[in-house]
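2 protein chains.
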Amino acid sequence: MTFTIQNVLLAIDDGYTTSDVQVVDGKIVAVAPNLDVVGDIIDGTNKLLLPGFVNAHTHSSEMWQRGVISILPLELWLAELYDFAPIDTEKVYLSALGTAVETLLSGGTSVVDHLVLIPGQELETIASAVRAYQEVGIRAFIAPLLQDESLSAGLPAGDSSQSHEPFFRSTTATLAIIEEAIKQFHRPDEGVYILVAPTGIQLCTDALFAGCIELSDRYNLCRHSHLLETKAQAKLAQEKYGCSAVTHLKQIGYLGDRTSLAHCVWLNDADITILADTKSTVVHNPLSNLRLGSGIAPILKYRQAGVNVTFGCDGASSNDSQDLLEAIKIGAILHNVTDFDYRHWITPRQAVEMASLGGVKALNLADQLGSITVGKEADLVLYNLTNLSLMPRTDPIGLLVLGRPTNVVDSAWVKGKQIVANGQVTTINVDELRQELFNLSEWTTQRQSPTRTQLEHHYRHIMGLSS
Amino acid sequence: MTFTIQNVLLAIDDGYTTSDVQVVDGKIVAVAPNLDVVGDIIDGTNKLLLPGFVNAHTHSSEMWQRGVISILPLELWLAELYDFAPIDTEKVYLSALGTAVETLLSGGTSVVDHLVLIPGQELETIASAVRAYQEVGIRAFIAPLLQDESLSAGLPAGDSSQSHEPFFRSTTATLAIIEEAIKQFHRPDEGVYILVAPTGIQLCTDALFAGCIELSDRYNLCRHSHLLETKAQAKLAQEKYGCSAVTHLKQIGYLGDRTSLAHCVWLNDADITILADTKSTVVHNPLSNLRLGSGIAPILKYRQAGVNVTFGCDGASSNDSQDLLEAIKIGAILHNVTDFDYRHWITPRQAVEMASLGGVKALNLADQLGSITVGKEADLVLYNLTNLSLMPRTDPIGLLVLGRPTNVVDSAWVKGKQIVANGQVTTINVDELRQELFNLSEWTTQRQSPTRTQLEHHYRHIMGLSS
Chain W
3 MTFTIQNVLL AIDDGYTTSD VQVVDGKIVA VAPNLDVVGD IIDGTNKLLL PGFVNAHTHS
63 SEMWQRGVIS ILPLELWLAE LYDFAPIDTE KVYLSALGTA VETLLSGGTS VVDHLVLIPG
123 QELETIASAV RAYQEVGIRA FIAPLLQDES LSAGLPAGDS SQSHEPFFRS TTATLAIIEE
183 AIKQFHRPDE GVYILVAPTG IQLCTDALFA GCIELSDRYN LCRHSHLLET KAQAKLAQEK
243 YGCSAVTHLK QIGYLGDRTS LAHCVWLNDA DITILADTKS TVVHNPLSNL RLGSGIAPIL
303 KYRQAGVNVT FGCDGASSND SQDLLEAIKI GAILHNVTDF DYRHWITPRQ AVEMASLGGV
363 KALNLADQLG SITVGKEADL VLYNLTNLSL MPRTDPIGLL VLGRPTNVVD SAWVKGKQIV
423 ANGQVTTINV DELRQELFNL SEWTTQRQSP TRTQLEHHYR HIMGLSS
Chain F
3 MTFTIQNVLL AIDDGYTTSD VQVVDGKIVA VAPNLDVVGD IIDGTNKLLL PGFVNAHTHS
63 SEMWQRGVIS ILPLELWLAE LYDFAPIDTE KVYLSALGTA VETLLSGGTS VVDHLVLIPG
123 QELETIASAV RAYQEVGIRA FIAPLLQDES LSAGLPAGDS SQSHEPFFRS TTATLAIIEE
183 AIKQFHRPDE GVYILVAPTG IQLCTDALFA GCIELSDRYN LCRHSHLLET KAQAKLAQEK
243 YGCSAVTHLK QIGYLGDRTS LAHCVWLNDA DITILADTKS TVVHNPLSNL RLGSGIAPIL
303 KYRQAGVNVT FGCDGASSND SQDLLEAIKI GAILHNVTDF DYRHWITPRQ AVEMASLGGV
363 KALNLADQLG SITVGKEADL VLYNLTNLSL MPRTDPIGLL VLGRPTNVVD SAWVKGKQIV
423 ANGQVTTINV DELRQELFNL SEWTTQRQSP TRTQLEHHYR HIMGLSS
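Protein chains in written order, with my numbering: chain W, 3 to 469; chain F, 3 to 469.
Right under this line is the structure:
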């Protein structure tokens, strides 16, 4: 927890400086050249130190289906996802380990896991993820994914008169589970945080949102949700509320500076103003928005309006990776095609700030994390700049963000505890994890999803697609 | 050149089969289970064999500026690129090695290098790239980048009356250099091919195109060019020809089944029909099109019109990597946001075919390469499916295309010669290359590009951007 990094590159203004960084008891206590050594010495030569990034939206157990879900829009993709979701807490544990490892080895020191709960084993699911993240040592924000309406209710009705099965668990029972989870697992001092996290307006009643707001206020928890990921959800919001989803969420009091909202693809200018006014955070998941054809989120508009934006990988079956550097690259350059004025485009340095400080703002921790500042906690990542994927030498941050860095994370610390060293996660046996993931899976190709079959005709109809 | 791969996964129909593959004297001679062993035995267990991909458009020497060029649209980015271009053939040699290595380790066995020529050392530049590619053993298509107009002529004039410096080298002298390059270096039997490759309508006279067509016909060479990468180029074409660039290229006879055209972002439906009718190939460079804000090429429309499409990384300072799997992933999923009907979206298997067979079609070699077919040459890549980045096991091709594979290329062969084994390039010392790239470069940040400064005011004016 106490160490001195010597002669490391740090980003300053528009350039770099070579400096030492001292960490004592998990906090950054000095940043200057030629410091006296305290604790272990870390050689920073030809390395760049950045604050750890936040993987600000993922669903860890989706890892079990990465690479295999058909090329479909969200609503039908979800049907296939649900039909084959893992129902085994050991698998939840392993995919949380995998998510933590991939996040760490791509520069993340925090992960927001919008965790799919196994029906009837909700607390056990959460416990499995908590165990995994604590073993790895990554800072974990567990946002149990809640809904109280059944999957088919997530589609707009259009001109049909659809009725939906009630969800198997009551709103009250769901909220009781979350309160129990808070009591059992919310341990900020230990780096484990519970968030309230209704999946989104498409599958949640106002009662569920209200219960989550109440828990959030009572226990001082951050709030998370999907928001307007698809055009179908924008249609549904109009059907359900007669106004935009953002207006509705504002009216019921869900927005605020502790609220982060994943996707935010289908917002209009008035919605954007609401996000800015409420100081809500947008979590940009560029790869899943492309994979699912959801659209290009208006990220440049958010930034111009002063909305805080950060990045997420999203679950590994809609991406299908957990590499934060990939999400940051695509999330930065994608928007250049939405505005001819290149002065609005995101620079590599801005992308790094969005991924670090932007991420911790979403989690109400900007005073404690997200920059290399004396007094802040040492969630830090040291990049080895001599890797072939970063050669020849040019601008280190440009290479990291715009290149395709591979095996470049040398070391990572969370609260000053080193959990990656020499490019390897030190807290768990990653090769054993790899072997277990291998053993518990098999090569799979064509799968038939009954729920997809059931929903597809209606989906095509309401989206105006030929049948 | 003679070996037997045993028990390897091969893609068939919509699934996979486990088979052996026999290669004799560089050609695939048998594909079936339980073949008699000839030559070396390669264990294919838990591995997938695919035809090698084609990195169908790049500029190798841009590697020297990757990560450092400002976030700018093509026309201003080019100004910065030109101001700092390497003028040393040893650097050309090293960046060609680097391009070959990154292409190989991401599944490519062929590279089309639209090679920037050092003024006054044109043949030496080509010789340096040829030497690099022959040492590595990758199949190399060298397309010396030609122009006969000066950089500022590449911008539309708009309402201004611009005059431009003449280009420093005459059209005749340029064509003479290319003819000499053909005589010295075009050796298809040795895996080195010269292409004729005017940079594009924005910097080339019709006389240069005509000369290239003549050389192409006389020496049976493929043709390459940029085409309508930016909106500015579409404007320029109207100014220059009074018609679309595609119509003009058709009229002058540049299009055809040996012609590949990089980018193709700003084409209309009539243009697309011309590409289909002439059997021209589109090389999709999704990452540079995003990085430079050029736009999203209408790839789904090309596919629906029957136009052959393949992928390129583009130069490493507009991407800024040479990872083909990254280009294939983004090039496949990007278009899902351009069409709500997911039945038009590109599947992982289609992406693999575009990258392999689509690539060799562009090079007039579809009868010899691009699939695992008896009688074809053995340009093959063997992927290790047990890497953590491909875990858990699901659909191998889905994982390769949609994931973020890292260190997964186990082996690669070109014409049956193994040039990657156990994940390492065997023909050159990659660590020495890394060290040389390190030694010949330095950390760089802010650079002032005089040519950018000179062009920027006019660029903003003609693009309708506020000054």
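We treat Cβ as the ideally placed atom computed from N, Cα and C, and that holds for glycine.
Check: Valine 138 of chain W vs alanine 183 of chain W beta-carbon contact at 7 Å; Outcome: no
Check: Close-in-space but distant-in-sequence residues of the same chain around alanine 159 of chain F (CB under 7 Å, 5 per side omitted); Outcome: Glu241
Check: Straight-line gap, serine 218 of chain F to threonine 408 of chain F (C-alpha atoms, nearest Å); Outcome: 39 Å
Check: Arginine 171 of chain W at chain F interface by Cβ criterion, 7 Å; Outcome: no
Check: Cβ distance (whole Å) where threonine 349 of chain F is taken to contact isoleucine 73 of chain W below 8 Å; Outcome: 5 Å
Check: Within 9 Å of chain F by C-beta, residues of the region 65-76 of chain W in sequence order; Outcome: Met65, Trp66, Gln67, Arg68, Gly69, Val70, Ile71, Ser72, Ile73, Leu74 and Pro75
Check: Sequence-distant residues of the same chain with beta carbon closer than 6 Å to tryptophan 347 of chain W, five excluded per side; Outcome: Asn338
Check: Helix, strand or coil at leucine 80 of chain F [DSSP, three-state]; Outcome: helix
Check: Own chain partners of lysine 29 of chain W with C-beta closer than 8 Å, once the 5 adjacent residues on each side are dropped; Outcome: Gly377, Lys378, Glu379, Ala380 and Gly418
Check: Contact the region 384-394 of chain W vs the region 316-325 of chain W: 3+ CB pairs below 8 Å; Outcome: no
Check: Own chain residues within Cβ distance below 7 Å of glutamine 370 of chain W, not counting five before or after; Outcome: Lys378 and Glu379
Check: Reference alanine 234 of chain W, options W:His250, W:Gln204, W:Ala13 and W:Asn441, closest by Cα; Outcome: W:Gln204
Check: Sequence-distant residues of its chain with Cβ nearer than 7 Å to glycine 255 of chain W (five each side left out); Outcome: Ile215
Check: Isoleucine 399 of chain F to histidine 463 of chain F span [Cα, whole Å]; Outcome: 47 Å
Check: Contacts that aspartate 208 of chain F makes with chain W (C-beta to C-beta distance below 8 Å); Outcome: Per Cβ cutoff of 8 Å: no residues; aspartate 208 of chain F is ~29 Å from chain W at best.
Check: Residue environment, lysine 185 of chain W, which counts as buried when at least 16 other CB atoms sit within 10 Å; Outcome: exposed
Check: Environment of isoleucine 43 of chain F [buried if 16+ CB atoms lie within 10 Å]; Outcome: exposed
Check: Contact between the region 287-305 of chain F and the region 260-272 of chain F (3+ Cβ pairs under 8 Å); Outcome: yes
Check: Stretch-stretch touch, CB-based, cutoff 8 Å, three pairs: the region 103-110 of chain F with the region 122-131 of chain F; Outcome: no
Check: Identified DSSP bridge partners for tryptophan 415 of chain F; Outcome: F:Leu382 and F:Gln420
Check: Beta-carbon proximity list for valine 354 of chain W, same chain, < 7 Å, skipping 5 on both sides; Outcome: Leu52, Ile399 and Val403
Check: Inter-residue spacing [alpha-carbon to alpha-carbon] between valine 416 of chain W and valine 383 of chain W; Outcome: 9 Å
Check: Inter-residue spacing [alpha-carbon to alpha-carbon] between isoleucine 374 of chain F and valine 25 of chain F; Outcome: 11 Å
Check: Touching by the beta-carbon criterion (3+ pairs, under 8 Å), the region 47-66 of chain W and the region 358-367 of chain W; Outcome: yes
Check: Local Cβ density within 10 Å of glycine 244 of chain W, reported as buried at 16 or more and exposed below that; Outcome: exposed
Check: Contact with chain W by glutamine 448 of chain F, beta-carbon distance below 7 Å; Outcome: yes
Check: Closest Cα partner of threonine 176 of chain W within the set W:Val432, W:Thr207, W:Ile7 and W:Phe187; Outcome: W:Thr207
Check: Threonine 447 of chain F CB to nearest heavy atom of the ligand FAD below 6 Å; Outcome: This structure does not include the ligand FAD; it has no bound ligands of any sort.
Check: Cβ-based contacts, 7 Å cut-off: residues of the region 34-61 of chain W near chain F; Outcome: none
Check: Rounded C-alpha distance that separates serine 21 of chain F from leucine 11 of chain F; Outcome: 6 Å
Check: Cβ-based contacts, 7 Å cut-off: residues of the region 314-348 of chain W near chain F; Outcome: Asp322, Ser323, Asp325, Glu328, Ile332, Ile335, Leu336, Asn338, Val339, Phe342, Asp343, Tyr344 and Trp347
Check: Nearest neighbour of tryptophan 445 of chain F, chosen from W:Leu76, W:Lys49 and W:Ser152 [CA to CA]; Outcome: W:Lys49
Check: Residues near phenylalanine 187 of chain F in its chain [Cβ-Cβ closer than 8 Å; skip 5 each side]; Outcome: Ile128, Ala129, Val132, Ile144, Val194 and Ile196
Check: Closer than 7 Å to chain W by CB, isoleucine 298 of chain F; Outcome: yes
Check: Beta-bridge partners of serine 21 of chain W, as assigned by DSSP; Outcome: W:Val10
Check: Boundaries of the beta strand (DSSP E) in which arginine 141 of chain F is found, first to last residue; Outcome: 141-146
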